[in-house]
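Trainee: Below you will find the structure I want to go over with you.
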Amino acid sequence: ECPPPVDEEGTQAPNGGASVADYGDANLGGAAGADRAGALGPLRSPRSLGRTGVVYDPVMALHVGGPNHPERPDRITSIWTQLEQQDLVALCRQYDCRGATLSELQAVHTRLHCEQVLATAGGAAYPEAASDLYFCNASAEAAAVAAGALVDLSLAVLRGEVANGFALIRPPGHHCSDTAPMGFCLYNNIAVAARAAQAHGAGRVLIVDWDIHHGNGTERIFAEDPSVLFFSVHAHFQGKFYPGTGAAEEVGTGEGRGFTVNVGWDCSKNTDADYIHVFERVLLPIARQFNPDLVLVSCGFDAGLGDPLGRNLVTPEGFAHLLRMLMPLAGGRVVLALEGGYNLSTITYSAEACVRALLEQEVDPVESPDAVRESTRQKVAEVLEVQRRYWPRALPCEG
Numbered sequence: 001e002c003p004p005p006v007d008e009e010g011t012q013a014p015n016g017g018a019s020v021a022d023y024g025d026a027n028l029g030g031a032a033g034a035d036r037a038g039a040l041g042p043l044r045s046p047r048s049l050g051r052t053g054v055v056y057d058p059v060m061a062l063h064v065g066g067p068n069h070p071e072r073p074d075r076i077t078s079i080w081t082q083l084e085q086q087d088l089v090a091l092c093r094q095y096d097c098r099g100a101t102l103s104e105l106q107a108v109h110t111r112l113h114c115e116q117v118l119a120t121a122g123g124a125a126y127p128e129a130a131s132d133l134y135f136c137n138a139s140a141e142a143a144a145v146a147a148g149a150l151v152d153l154s155l156a157v158l159r160g161e162v163a164n165g166f167a168l169i170r171p172p173g174h175h176c177s178d179t180a181p182m183g184f185c186l187y188n189n190i191a192v193a194a195r196a197a198q199a200h201g202a203g204r205v206l207i208v209d210w211d212i213h214h215g216n217g218t219e220r221i222f223a224e225d226p227s228v229l230f231f232s233v234h235a236h237f238q239g240k241f242y243p244g245t246g247a248a249e250e251v252g253t254g255e256g257r258g259f260t261v262n263v264g265w266d267c268s269k270n271t272d273a274d275y276i277h278v279f280e281r282v283l284l285p286i287a288r289q290f291n292p293d294l295v296l297v298s299c300g301f302d303a304g305l306g307d308p309l310g311r312n313l314v315t316p317e318g319f320a321h322l323l324r325m326l327m328p329l330a331g332g333r334v335v336l337a338l339e340g341g342y343n344l345s346t347i348t349y350s351a352e353a354c355v356r357a358l359l360e361q362e363v364d365p366v367e368s369p370d371a372v373r374e375s376t377r378q379k380v381a382e383v384l385e386v387q388r389r390y391w392p393r394a395l396p397c398e399g
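Numbered by UniProt numbering, the letters in the sequence shown go through residues 1 to 399 in order.
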């Protein structure tokens, strides 16, 4: 039996009840939704050269920790080399990179946090920094460039200069909160880009986080905001997997209740079919009703086959297929931002597959949906039971 939709007072869902006009039937893929998605400018022809934007700058490789730290510079240099060798960079439009402004950063982060990161350029230590963080003299610039490059790429997509984009950036960002760095992350790049996009006309932003670690920083930043839908699929293990957050019951707070959607795995070895099943049953129905103007992907590849931290089995083709499932949303305005991923082979070939998908090149097929595991079906049922309270029309009861 389906639970009744509820709001903060326990009476009705904010996105399935009193304010349903904002997320009504017209937003499930009809003409009204298409008109609104097109209001930000036309997309380029899929056949046109440079339909996909890319950003990369070697300055981001100057952020260096210990020799054995998994978040190391060759994560981005190896991907860039592969994209160049496969002649994919030549098919894209490359944008110059710049550091995010203090104003852009402070749309998400406190001034104190920004100042403390900047101070590390002069050798100062970040106060009470967690043990999973490192800083060198180049870290502040690298972090600012990562955020600024993603902002500019996202705005280029909004303007219709390119249809979509891939941001090859580091340090990653999705663990960083508004007040503090965490988990290799100094600024929350995806959050900074989302706020910049909203300042330039994107009313609703969908953030999809498929990194194996929960994007706890992003969730916290947008927890009360119904204009940003945050979806994360990640390892959870009843809160025992880093960072320990991301249970299905975490749905946002206040006006943002129902705009956080978490699918937390309690087992490893999840495959392409398992992830596709989650997208088909949970993410896409909600996303279609939400009807975003822009889709930003926290694109960690540590759920990929061979990653030493993730212990999952998603193939490069699997990531590309997930991306293609997102591309019909928001008039095709999809921007990927690199997050985690610590096996160089895994991240290199996965990034290549995703860029090929953005360029609408052929990508090898993935395994049959029949391969979905029973544990995945159970997890999806658990999430649906929670989210139907907020999205009753997108997620109707079965039977």
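For every residue, glycine included, the Cβ atom is placed at its ideal position computed from N, Cα and C.
Going by the DSSP bridge assignment, what does TRP265 pair with across the sheet?
Mentor: TRP265 is bridged to ALA235.
Trainee: Opposite VAL335 in the DSSP bridges: which residues?
Mentor: GLY165, LEU296
Trainee: Nearest to ASN164 by alpha carbon, out of VAL383, ARG356, GLN116, PRO243?
Mentor: ARG356
Trainee: Can you give me the start and stop residues for the alpha helix (DSSP H) that GLY341 sits inside?
Mentor: Careful: GLY341 lies outside any alpha helix (DSSP H) and carries neither H nor E.
Trainee: Given the structure, does ASN270 come close to the ligand GDP, in the sense that its CB is under 7 Å from one of the ligand's heavy atoms?
Mentor: In the structure shown, the ligand GDP is absent, as is every other ligand, since no ligand is present at all.
Trainee: Using 8 Å as the threshold, is the C-beta distance between GLN238 and TRP391 below it?
Mentor: Going by C-beta atoms, GLN238 is not nearer than 8 Å to TRP391.
Trainee: Are there three or more Cβ pairs, one per stretch, closer than 8 Å when the region 268 to 276 is compared with the region 178 to 185?
Mentor: no
Trainee: Is the beta carbon of ASP211 less than 8 Å from the beta carbon of THR218?
Mentor: no
Trainee: Assuming the contact rule is C-beta atoms closer than 8 Å, VAL108 and ARG195 should be a hit. Round their C-beta distance to whole Å, please.
Mentor: 6 Å
Trainee: Using the C-alpha atoms, what's the distance from GLU385 back to ALA121?
Mentor: 48 Å
Trainee: Quick one: which unbroken beta strand (DSSP E) runs of 3-plus residues sit fully inside the region 44 to 93? Chain order, please.
Mentor: Here the runs fully enclosed are 52 to 55.
Trainee: Quick check on DSSP: helix, strand or coil for MET182?
Mentor: strand
Trainee: Looking only at its chain, what residues have a beta carbon closer than 7 Å to the beta carbon of CYS136, apart from the 5 residues adjacent to it on each side?
Mentor: HIS63, VAL64
Trainee: Looking at the unbroken beta strand (DSSP E) that takes in ALA206, where does it start and where does it end?
Mentor: According to the sequence as given, residue 206 is Leu; it is not Ala. 205 to 209 is the extent of the beta strand (DSSP E) around LEU206.
Trainee: In terms of DSSP beta bridges, what is PHE230 paired with?
Mentor: ILE207, THR260
Trainee: Grouping DSSP H, G and I as helix and E and B as strand, with all else coil, what is TYR126?
Mentor: In this structure, TYR126 counts as coil in the three-state DSSP scheme.
Trainee: When burial is assigned at 16 or more other CB atoms within 10 Å of the CB, is LEU88 buried or exposed?
Mentor: buried
Trainee: What do you reckon, are the CB atoms on ALA156 and VAL117 nearer than 8 Å?
Mentor: no
Trainee: Keeping to the same chain, check which residues put their C-beta closer than 8 Å to that of VAL363; ignore five residues upstream and five downstream.
Mentor: Excluding residues within five positions, the ones whose Cβ falls inside 8 Å are GLU317, ALA320, HIS321, ARG324, ALA353, ARG356, ALA357.
Trainee: Let me know if THR52 comes out buried or exposed under the rule of 16 or more other beta-carbons within 10 Å of its beta-carbon.
Mentor: Buried.
Trainee: By DSSP, does VAL314 sit in helix, in strand, or in coil?
Mentor: strand
Trainee: Alpha carbon to alpha carbon, what distance is there between ARG389 and ARG47?
Mentor: At ARG47 the pLDDT is 43, less than 50, meaning the model places this residue with poor confidence; the figure from the coordinates comes in the next sentence. ARG47 and ARG389: Cα-Cα distance of roughly 42 Å.
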